[in-house]
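Student:
Chains as they are written, first to last, in my numbering: chain A, 1 to 350; chain B, 351 to 512.
(1) State whether the segment 459 to 475 of chain B contacts the segment 489 to 507 of chain B, with contact taken as three or more CB pairs (one from each stretch) at a distance under 8 Å.
(2) Mind checking if residue 368 of chain B is an interface residue toward chain A, Cβ cutoff 8 Å exclusive?
(3) Can you tell me where the beta strand (DSSP E) with residue 483 of chain B in it begins and where it stops?
(4) From residue 285 of chain A to residue 390 of chain B, what does the alpha carbon distance come to, in whole angstroms?
(5) At the level of alpha carbons, what is the spacing between residue 372 of chain B and residue 363 of chain B?
(6) Grab me the residues of residue 516 of chain B's own chain with a C-beta within less than 7 Å of its C-beta, minus the 5 sequence neighbours each way, in chain order.
(7) Can you check whether the C-beta of residue 472 of chain B is within less than 8 Å of a C-beta belonging to chain A?
(8) When the Cα atoms are used, what is the spatial distance from residue 179 of chain A to residue 328 of chain A?
(9) Can the beta-carbon of residue 443 of chain B be found closer than 8 Å to that of residue 450 of chain B?
(10) What did DSSP end up calling residue 369 of chain B once you bin it into helix, strand or coil?
(11) Mind pulling the chain B residues with CB within less than 7 Å of residue 289 of chain A?
(12) Taking only beta-carbon atoms, is residue 345 of chain A less than 8 Å away from chain B?
(13) Identify each residue in the segment 295 to 309 of chain A for which the Cβ-Cβ distance to at least one residue of chain B is less than 8 Å, and report them in chain order.
(14) Shorter than 8 Å from the beta carbon of residue 342 of chain A to some beta carbon of chain B?
(15) For my contact list, residue 301 of chain A and residue 325 of chain A are in at a C-beta cut-off of 8 Å; report their separation, rounded to the angstrom.
(16) Is any beta-carbon of chain A found at less than 8 Å from that of residue 378 of chain B?
(17) Where does residue 343 of chain A land, buried or exposed, given buried means 16+ other C-beta within 10 angstroms?
(18) Please report whether the beta-carbon of residue 86 of chain A lies at a distance below 8 Å from any beta-carbon of chain B.
(19) Here's a check: name, in chain order, each residue in its chain whose Cβ is nearer than 6 Å to the Cβ of residue 502 of chain B, leaving out the five neighbours to either side.
(20) Under the DSSP definition of a beta bridge, which residues are partnered with residue 506 of chain B?
(21) What is the DSSP secondary structure of residue 471 of chain B, reduced to helix, strand or coil?
(22) Classify residue 479 of chain B as buried or exposed, calling it buried when 16 or more other Cβ atoms lie within 10 Å of its own Cβ.
(23) For residue 321 of chain A, I'd like the list of residues in its chain whose CB is within less than 8 Å of its CB, leaving aside the five on either flank, ordered along the chain.
(24) Give the secondary structure of residue 476 of chain B by DSSP, where H, G and I count as helix, E and B as strand, and everything else as coil.
(25) Give the secondary structure of residue 511 of chain B by DSSP, where H, G and I count as helix, E and B as strand, and everything else as coil.
(26) Can you give me the Cβ contacts of residue 492 of chain B inside the same chain, cut-off strictly under 6 Å, excluding the 5 residues immediately before and after it?
(27) If we count the other Cβ atoms within 10 Å of its Cβ and call it buried at 16 or more, is residue 17 of chain A buried or exposed?
(28) Could you check if residue 126 of chain A is buried or exposed, using at least 16 other CB atoms within 10 Å of its CB as the buried criterion?
(29) Name, please, each residue of chain A whose Cβ falls closer than 8 Å to the Cβ of residue 411 of chain B.
(30) Determine the contact status of residue 306 of chain A and residue 280 of chain A, defining contact as a CB-CB distance below 8 Å.
(31) Along the chain, where does the beta strand (DSSP E) that runs through residue 293 of chain A open and close?
(32) Identify, in the order they occur along the chain, each residue of the same chain with its Cβ nearer than 6 Å to the Cβ of residue 483 of chain B, setting aside the five sequence neighbours on each side.
(33) Measure the alpha-carbon distance for residue 347 of chain A versus residue 308 of chain A and round it to whole angstroms.
(34) Using a C-beta to C-beta distance shorter than 7 Å, which residues of chain E count as neighbours of residue 22 of chain A?
(35) Give the straight-line distance between the Cα atoms of residue 494 of chain B and residue 411 of chain B, rounded to the nearest whole angstrom.
(36) Could you tell me the distance, in whole angstroms, from the CA atom of residue 22 of chain A to the CA atom of residue 399 of chain B?
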């Protein structure tokens with residue numbers, strides 16, 4: 001202050017400091033608020049990505065910790081990361097994957113998700129969804145692989161599983177595949193090859209018609225630790241085995257591999273519970289529709305379907321239910337085929 | 351008030367002014383962060399609900415089947431009725447669906463445009479008790495498989511937010 005007495009100057013200087021301190025504080029608060037907003041935007045972006053992933057997958061499993069869902073009456077826990085499906089860039093846990101009635105492929109622990117079929121951008125070509133399997137120790141497996149030993153991780157993860165292996169190069173040799181599946185009660189053929197060219201060569205239609213064999217084509221996608229996840233890029237390239245394909249059917253488009261037996265059992269139980277609900281819904285639906293549809297023949301078929309599905313859904317226990325489901329598969333497929341080929345608006349089984 | 355007195359009170363006034371500034375700034379910051387946090391949470395939660403609504407119409411429990419399965423936003427009326435009936439009478443099943451459907455209340459409204467009326471069907475209820483709820487809705491087509499009629503419908507998720 002250029003003019004004035006010493007007292008005036010002294011007083012004014014102190015107020016200047018107050019002003020400076022006040023402005024500094026305000027700036028600090030403004031910066032803090034702006035920082036919070038920016039963090040919020042970043043978190044919202046993460047939310048966008050999560051929502052987008054959710055559209056692809058039923059529920060994303062996050063991290064590798066144990067995910068528990070605790071409710072007053074129940075606690076469901078499967079080890080996260082032990083069981084995953086990949087659909088595009090999304091990952092789905094089997095506890096949330098829709099299960100469906102089996103088409104022409106089968107397995108004890110089948111995990112089915114429509115989202116997988118949508119992973120390559122095409123709509124699900126069958127009523128319920130794609131097919132995937134939980135590899136367990138109760139089913140026989142035949143691995144058709146190339147020379148890179150891609151089946152090693154499966155055998156390492158499931159040392160007790162009944163797994164036979166055959167090289168894709170050997171498929172040209174007459175009887176090689178038939179010999180490999182001979183004597184196995186229910187074999188799931190896993191065609192695990194690394195290239196499109198190899199996949200095209202892996203023609204497993206030469207399997208004996210009498211063998212109880214179901215096929216699934218897989219493309220290796222990633223191997224993480226003890227868990228291998230496979231994804232079929234073009235499963236339809238292989239001819240279905242074990243019977244004529246259902247009109248809307250495709251061979252499986254994905255697979256769940258359990259890192260250990262406990263995880264496989266856990267997945268099987270969760271999957272079976274969901275499958276039972278879907279079968280029960282289909283049974284009630286068919287029963288309700290049976291007297292309502294205009295075509296009496298259609299109504300009769302729906303009545304048969306309701307009885308069949310109800311019998312399957314009412315089987316107690318996971319193993320018994322899955323066995324009943326697999327056992328009823330040909331009849332369900334036949335009924336579905338008959339219903340959908342009827343003239344008019346005859347609805348399908350489900 | 352004389353100059354001498356003013357000079358004596360100056361430090362007190364400075365402290366008071368600084369305190370007021372600090373309190374005002376703190377309150378502003380707190381409110382801004384709370385608003386932002388609640389906005390962000392609501393936004394993420396609403397997106398989750400929208401994603402769930404999208405998924406609902408493709409769940410095999412509800413989705414139209416056969417050729418109509420290509421339409422992702424189509425709900426089979428008979429399936430929805432069966433699903434609602436089964437899940438309402440089975441607590442274990444409701445618990446099994448919790449990982450998929452969450453703590454929500456799901457309702458399907460079937461709209462009859464000719465009559466100007468609608469019918470609400472409670473599909474699933476595992477919502478928590480709360481004084482405030484948020485509803486997220488999406489329109490779907492509803493196929494009556496008995497007649498082949500297609501109607502308008504609305505899937506609604508209600509979730510407790512407080």
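Ideal placement from N, C-alpha and C gives every residue a C-beta, glycine not left out.
Tutor: In brief:
(1) Three or more Cβ pairs drawn from the segment 459 to 475 of chain B and the segment 489 to 507 of chain B lie within less than 8 Å of each other, which places the two stretches in contact.
(2) With a threshold of 8 Å between beta carbons, residue 368 of chain B makes contact with chain A.
(3) Boundaries of the beta strand (DSSP E) around residue 483 of chain B: 483 to 494.
(4) Between the alpha carbons of residue 285 of chain A and residue 390 of chain B lies a gap of roughly 41 Å.
(5) Going by the C-alpha atoms only, they are around 14 Å apart.
(6) It is not possible to answer for residue 516 of chain B, since the shown part of chain B is limited to 351 through 512.
(7) Contacts with chain A at 8 Å (Cβ-Cβ) do not include residue 472 of chain B.
(8) Approximately 28 Å between the Cα atoms of the pair.
(9) Not closer than 8 Å, so no.
(10) In this structure, residue 369 of chain B counts as helix in the three-state DSSP scheme.
(11) Those within 7 Å of residue 289 of chain A in chain B are 428, 495, 496.
(12) Against chain B, the CB of residue 345 of chain A has a partner CB under 8 Å away; the residue lies at that interface.
(13) Answer set for the segment 295 to 309 of chain A: empty.
(14) It does not: the Cβ of residue 342 of chain A has no partner Cβ on chain B nearer than 8 Å.
(15) Not a contact, Cβ separation roughly 20 Å.
(16) Chain A has a Cβ within less than 8 Å of the Cβ of residue 378 of chain B.
(17) Residue 343 of chain A comes out exposed.
(18) Any reading at residue 86 of chain A needs caution, since the residue's pLDDT is 38, under 50, leaving its predicted position unreliable; the model's value is listed next. Taking Cβ atoms only, chain B never reaches closer than 8 Å to residue 86 of chain A, which makes this a no.
(19) Spatial neighbours of residue 502 of chain B in its own chain (CB-CB distance under 6 Å, excluding positions within 5 residues in sequence) are listed in chain order as 461.
(20) Listed as beta-bridge partners of residue 506 of chain B by DSSP are B:457, B:487.
(21) Here residue 471 of chain B sits in strand by DSSP.
(22) Residue 479 of chain B sits exposed, since fewer than 16 C-beta atoms from the chains shown fall within 10 Å of its C-beta.
(23) For residue 321 of chain A, where only same-chain residues beyond five positions count, the Cβ hits under 8 Å are 272, 275, 276, 312, 313, 315.
(24) Note: residue 476 of chain B maps to coil in three-state DSSP.
(25) Correct three-state label for residue 511 of chain B: coil.
(26) Within its own chain, the residues whose Cβ lies closer than 6 Å to the Cβ of residue 492 of chain B, once the five positions on either side in sequence are excluded, are 425, 427, 460, 501, 503, listed in chain order.
(27) Exposed is the call here.
(28) Because residue 126 of chain A sits at a pLDDT of 27, beneath the cut-off of 50, its placement in the model cannot be relied upon, and the following sentence gives the value as read from the coordinates. Residue 126 of chain A counts as buried, since at least 16 other C-beta atoms from the protein chains shown sit within 10 angstroms of its C-beta.
(29) Simply 98, 277, 278, 281.
(30) Contact flag unset, no.
(31) First-last for residue 293 of chain A: undefined, no H or E at that position.
(32) 508, 510, listed in sequence order.
(33) Those two C-alpha atoms are separated by around 16 Å.
(34) This model lacks chain E altogether, as its protein chains are A and B.
(35) Cα to Cα, residue 494 of chain B sits roughly 15 Å from residue 411 of chain B.
(36) The alpha-carbon atoms of residue 22 of chain A and residue 399 of chain B are separated by roughly 44 Å.
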